[in-house]
Amino acid sequence: MTVDVQTEVTIARNREAVAAYSADPSNAPEWYVNITSIEWKTPPPARLGSRMAFVARFLGKQMSYTYEIVDLVPMERLVMRTAEGPFPMETTYTWTSNGADSTRMTLRNRGEPAGFSKFTAPFMAFAMRRANRKDLNLLRTILEAASPVTG
Numbered sequence: 018m019t020v021d022v023q024t025e026v027t028i029a030r031n032r033e034a035v036a037a038y039s040a041d042p043s044n045a046p047e048w049y050v051n052i053t054s055i056e057w058k059t060p061p062p063a064r065l066g067s068r069m070a071f072v073a074r075f076l077g078k079q080m081s082y083t084y085e086i087v088d089l090v091p092m093e094r095l096v097m098r099t100a101e102g103p104f105p106m107e108t109t110y111t112w113t114s115n116g117a118d119s120t121r122m123t124l125r126n127r128g129e130p131a132g133f134s135k136f137t138a139p140f141m142a143f144a145m146r147r148a149n150r151k152d153l154n155l156l157r158t159i160l161e162a163a164s165p166v167t168g
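In my numbering, the protein residues as written are 18 to 168.
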């Protein structure tokens, strides 16, 4: 069973500020509740082919996985796929302007759990959706509290 979860949030900041912050994997532990650390496997900044190792806690377990950026259109879209990890996953961020000072950000996770994970896919989708909502709300809080002058 495929897991496909899409969540979105509107942030009262311009698209440039939202995309610049959220597309930088170094910021992930600040706004992803479950991500505890990130280690660049290729030199920053994020670009096509960049690889980052993440450590996260999800459903009570610690998971380590490496993402590779497979598509990047600055200030429009970022797509990462697991190069190594518990199961194949693709994460997509998209940013759309809602006027000069508002951005709709969409976060989509999709993958094909294997082994035992495939039996828990419906529960995983529910838990991912819940976690993604928390993450995007935290992202909104961080970005809306930041000074617009700093980007």
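Think of the CB as a built atom: it goes at the ideal place given N, C-alpha and C, for glycine as much as any other residue.
Quantities reported herein were computed from a predicted structural model and do not represent experimental measurements.
I need the DSSP call for residue i, collapsed to helix, strand or coil.
i: Ser-119; result: coil
i: Ala-45; result: helix
i: Ala-34; result: helix
i: Thr-99; result: strand
i: Met-145; result: helix
i: Met-64; result: The sequence given here has Arg at residue 64, not Met. Coil at Arg-64, not helix or strand.
i: Ala-40; result: coil
i: Thr-19; result: coil
How would you call residue i, buried or exposed, if buried means at least 16 neighbouring beta carbons within 10 angstroms?
i: Val-35; result: buried
i: Ser-67; result: buried
i: Leu-65; result: exposed
i: Val-26; result: buried
Going by CA-CA distance only, name the one from the options that's closest to residue i.
i: Asn-154; options: Tyr-38, Met-80, Tyr-49 and Asn-31; result: Tyr-49
i: Trp-112; options: Ala-37, Val-22, Asp-21 and Thr-19; result: Ala-37
i: Thr-99; options: Gln-23, Glu-33, Glu-129 and Glu-93; result: Glu-129
i: Tyr-110; options: Arg-94, Ala-45 and Phe-143; result: Arg-94
Who does residue i pair with in a DSSP beta bridge?
i: Met-106; result: Gly-128
i: Ser-89; result: Looking at the sequence provided, one finds Leu at residue 89 rather than Ser. Answer by DSSP bridge pairing, in chain order: Leu-95.
Quick test of your reading: residue i and residue j, contact by CB under 8 Å. State the CB separation rounded to the nearest angstrom.
i: Met-80; j: Pro-103; result: 5 Å
i: Ala-73; j: Asn-51; result: 5 Å
i: Met-122; j: Ser-54; result: Met-122 to Ser-54, Cβ: 23 Å. No contact.
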